[in-house]
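Novice: The structure follows.
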DNA sequence: CGTTGGGTTGAACCCACTCAATACGCGTGG
DNA sequence: CCACGCGTATTGAGTGGGTTCAACCCAACG
């Protein structure tokens with residue numbers, strides 16, 4: 001939403017948002033421009049446990065004792081928040097390079113489930129190991145803080161989308177973010193495979209699965225997307241910018257309503 | 001929502017959520033149970049700039065260069081997220097003990113406005129100072145991480161409220177969180193003074209100001225709250241638990257709809 | 001006084017939800 | 001091979017909660 005993610009899409013390698021804040025400290029924090037550098041940094045500084053997962057595997061569960069963090073090395077993960085009254089919702093998606101587990105630091109237990117949506121690999125590190133290494137290598141601390149900060153900023157951008165966009169635009173934004181996520185990781189963006197059911201997408205976007213279905217059909221009817229295969233989870237996106245235009249158009253209909261002041 | 005914030009309210013001093021995660025490290029992290037301890041820790045470890053603010057003052061603005069963090073020492077602040085297309089939304093409220101500015105770490109500029117809603121005081125520290133001290137005093141690092149983690153977890157709980165609760169319940173939840181915030185800081189919880197207009201509340205809760213007004217009237221009609229004074233921003237809350245019951249009741253009407261699976 | 005900003009209230013509309021029927025893809029087993 | 005079941009997706013019809021638009025009230029203030 002802010003900074004890079006809006007406007008023109010797909011300047012590849014703009015994972016730069018996770019880059020050095022205050023630009024100097026004892027060992028000048030390595031310009032962690034891309035995540036491969038971040039992963040290298042972790043790898044050489046810390047004992048890492050690699051774990052392969054398949055769709056449905058959980059990395060951690062709400063309520064579990066927190067002791068380690070995870071970095072997505074491949075695959076796709078959802079975070080499912082649970083309320084004490086039984087409500088649950090998909091509150092975030094994590095792609096390669098994203099961290100999992102920050103929610104557990106505050107009170108020593110996780111408050112979400114982290115579930116794999118596809119085969120993938122996570123790199124797991126002990127939190128106390130990480131803290132120790134952070135002290136020795138401030139660059140590591142920068143990476144960690146940047147990751148948490150980025151997550152915070154993204155959550156808020158997303159929250160704004162939830163509140164200010166009508167259902168169709170919300171789905172378009174959702175796809176746009178997905179495409180952005182792929183683009184910033186250097187992957188192809190003309191084609192995405194949703195690893196989620198309509199119900200999961202609906203949960204994430206705060207709408208029913210029927211509304212998701214209708215929104216996708218409408219997007220297809222307007223040729224913003226199309227379904228190439230027989231499976232309805234494959235989505236072809238001829239022009240990523242068209243998604244953004246669609247969002248703006250549907251805001252325009254409301255005459256810019258919903259902005260405060 | 002998770003952990004302490006749900007269920008029975010007002011065990012005073014349960015700012016404990018911001019407490020030690022991995023419970024040992026070189027200097028065993030001081031049991032930062034309450035925020036006064038946190039504030040002390042900051043005060044003795046770092047050069048701090050105190051700043052008094054009045055309603056409407058901004059602590060920082062979206063787009064500004066990030067170099068410092070702030071801790072709310074008194075007063076109330078809103079974070080306003082701005083999209084490049086002009087949309088804006090109140091995305092968070094900050095009470096005493098909360099931090100301001102995390103959103104700027106990732107890319108070196110802030111992505112929100114932080115605006116005072118009342119007279120208050122913020123303690124400002126340079127981020128690079130903080131990093132340096134974190135290296136010397138791991139307890140500080142714990143406090144910092146816990147604060148960021150807590151913010152993340154709260155945002156997600158709130159996001160779930162936005163998506164799963166009908167308008168009336170959203171307002172009730174909003175008040176409940178406010179009361180919780182006061183309770184956990186040892187303040188009186190039977191009376192709260194909204195420092196926000198209906199429009200601001202609506203922005204925060206993803207609804208129109210008219211809906212906020214109607215919801216408050218309905219809550220008053222059901223005697224969950226009442227307006228003592230002539231000013232409509234003073235709200236008396238005879239029984240804090242009644243707010244929670246109201247929320248649960250309105251979920252029940254939907255027959256538990258909206259939960260996934 | 002008139003003006004201005006915030007809050008309340010009413011009436012009409014509409015988007016998204018609910019409920020229900022139908023269709024599709026896929027694995028299983030007769 | 002088809003039959004069957006099951007999970008998932010699509011589509012339609014009807015409803016309702018929340019929005020929109022409007023009028024109105026009230027307090028503060030010049």
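Chains as they are written, first to last, in the working numbering: chain A, 1 to 261; chain B, 1 to 261.
Quick reminder that beta carbons are idealized off the backbone N, C-alpha and C, glycines included.
Everything numeric in this text was worked out from a predicted model, so none of it was measured.
Would residue 105 (chain A) and residue 145 (chain B) be called neighbours here (beta carbons separated by less than 8 Å)?
Specialist: Yes, they are a contact pair.
Novice: Rank B:173, B:121, B:50, B:219 by C-alpha distance to the C-alpha of residue 76 (chain B) and give the top, closest one.
Specialist: Closest by alpha carbon: B:121.
Novice: Between which residues of its own chain and residue 246 (chain A) is the CB-CB distance below 6 Å, once the five residues before and five after are set aside?
Specialist: Contacts found: 172, 224.
Novice: Give me the subset of the segment 101 to 114 of chain A whose CB atoms are less than 8 Å from a CB atom of chain B, sorted by chain position.
Specialist: Here the close residues are 102, 103, 104, 105, 106, 107, 108, 109, 111, 112.
Novice: Check distances from the C-beta atoms of the segment 117 to 133 of chain A to those of chain B and list, in chain order, the residues that come in under 9 Å.
Specialist: Here the close residues are 126, 127, 128, 131, 132.
Novice: Using beta-carbon positions only, say whether residue 175 (chain A) and residue 96 (chain A) come within less than 8 Å of one another.
Specialist: Against a cut-off of 8 Å, the Cβ pair of residue 96 (chain A) and residue 175 (chain A) comes out as no contact.
Novice: Judging by CA-CA distance, which residue of A:125, A:243, A:83 is the nearest neighbour of residue 39 (chain A)?
Specialist: Nearest C-alpha to residue 39 (chain A): A:125.
Novice: In the DSSP output, what is residue 50 (chain A) paired with across the bridge?
Specialist: Partner(s): A:123.
Novice: Cα separation between residue 68 (chain B) and residue 43 (chain B)?
Specialist: Spanning the two alpha carbons is a distance of roughly 15 Å.
Novice: Within 10 Å of its beta-carbon, does residue 228 (chain A) have 16 or more other beta-carbons around it, so buried, or fewer, so exposed?
Specialist: Exposed.
Novice: Does any C-beta atom of chain B lie closer than 8 Å to the C-beta of residue 214 (chain A)?
Specialist: No - not a single Cβ of chain B is within 8 Å of the one on residue 214 (chain A).
Novice: Let's test the definition: count the other Cβ atoms within 10 Å of the Cβ of residue 244 (chain A) and tell me whether it reaches 16, buried, or not, exposed.
Specialist: Residue 244 (chain A) comes out buried.
Novice: For residue 92 (chain A), collect the residues of the same chain with a Cβ closer than 6 Å to its Cβ; drop the 5 residues on either side in sequence, then sort them by chain order.
Specialist: Closer than 6 Å at Cβ, skipping near neighbours: 79.
Novice: So residue 147 (chain B) is in the alpha helix (DSSP H); what residue range does that whole segment cover?
Specialist: Start and end: 138 to 164.
Novice: Specify the secondary structure class of residue 193 (chain B) as computed by DSSP and reduced to three states.
Specialist: Residue 193 (chain B): strand per DSSP, three-state reduction.
Novice: Tell me which residues share the same chain as residue 101 (chain A) and place their Cβ nearer than 6 Å to its Cβ, disregarding the 5 neighbours each side in the sequence.
Specialist: Closer than 6 Å at Cβ, skipping near neighbours: 69, 70.
Novice: Tell me which residues of the segment 70 to 94 of chain A have at least one Cβ-Cβ distance to chain B shorter than 9 Å, keeping chain order.
Specialist: From the segment 70 to 94 of chain A, only 79, 80, 81, 82, 83, 84, 85, 86, 87, 88, 89, 90, 91, 92 have a Cβ closer than 9 Å to chain B.
Novice: For residue 78 (chain A), write down the residues that DSSP places opposite it in a beta bridge.
Specialist: A:93, A:115.
Novice: What is the C-beta distance between residue 112 (chain B) and residue 62 (chain B), in whole angstroms, given that I count them as a contact (C-beta under 8 Å)?
Specialist: About 6 Å; that satisfies the 8 Å criterion.
Novice: Assess contact between the segment 162 to 171 of chain A and the segment 206 to 220 of chain A, defined as three or more Cβ pairs (one per stretch) separated by less than 8 Å. Is contact present?
Specialist: Flag = yes, the segment 162 to 171 of chain A and the segment 206 to 220 of chain A touch.
Novice: Please list the partners that residue 145 (chain B) has in chain A, where partner means a Cβ-to-Cβ separation under 7 Å.
Specialist: Here the neighbours are 105.
Novice: For residue 58 (chain B), does the three-state DSSP call read helix, strand or coil?
Specialist: Note: residue 58 (chain B) maps to strand in three-state DSSP.
Novice: Using a Cβ-Cβ distance cut-off of 8 Å, determine whether residue 64 (chain B) contacts chain A.
Specialist: Cβ-Cβ to chain A under 8 Å: no for residue 64 (chain B).
Novice: Span of the beta strand (DSSP E) holding residue 234 (chain A)?
Specialist: Note, residue 234 (chain A): beta strand (DSSP E), 234 to 236.
Novice: Measure from the C-beta of residue 141 (chain B) to each C-beta in chain A and report whether the shortest distance is under 8 Å.
Specialist: It does; some Cβ of chain A falls within 8 Å.
Novice: Per DSSP, what are the beta-bridge partners of residue 88 (chain A) in this structure?
Specialist: Residue 88 (chain A) pairs with A:82.
Novice: For residue 241 (chain A) and chain B, any beta-carbon pair shorter than 8 Å?
Specialist: No, because no Cβ of chain B sits closer than 8 Å to the Cβ of residue 241 (chain A).
Novice: Just how far apart, CA to CA, sit residue 88 (chain A) and residue 201 (chain A)?
Specialist: For residue 88 (chain A) and residue 201 (chain A), the distance between alpha carbons rounds to 13 Å.
Novice: At a Cβ threshold of 8 Å, is residue 185 (chain B) touching chain A?
Specialist: Closer than 8 Å: no.
Novice: Less than 8 Å between the beta carbons of residue 251 (chain B) and residue 85 (chain A), yes or no?
Specialist: Result yes, Cβ atoms of residue 251 (chain B) and residue 85 (chain A) sit closer than 8 Å.
Novice: Just to confirm, are residue 116 (chain B) and residue 181 (chain B) a CB contact at a threshold of 8 Å?
Specialist: Not in contact: residue 116 (chain B) and residue 181 (chain B) (Cβ atoms no closer than 8 Å).
Novice: Within 10 angstroms of its Cβ, does residue 238 (chain B) collect 16 or more other Cβ (buried), or is it exposed?
Specialist: It is exposed - the Cβ of residue 238 (chain B) has fewer than 16 other Cβ atoms within 10 Å.
Novice: With a threshold of 8 Å on Cβ separation, who are the neighbours of residue 94 (chain B) within its own chain once the five nearest residues in sequence on each side are excluded?
Specialist: Taken in chain order, the residues that qualify are 72, 76, 77, 78, 79, 100, 114.
Novice: Give me whichever residues DSSP pairs with residue 42 (chain A) in a beta bridge.
Specialist: Its beta-bridge partners do not exist; DSSP assigns none.
Novice: Under 8 Å, do residue 167 (chain B) and residue 215 (chain B) count as touching if we go by C-beta distance?
Specialist: Going by C-beta atoms, residue 167 (chain B) is nearer than 8 Å to residue 215 (chain B).
Novice: For residue 170 (chain B), write down the residues that DSSP places opposite it in a beta bridge.
Specialist: In the DSSP output, where bridge partners are listed per residue, residue 170 (chain B) has none listed.
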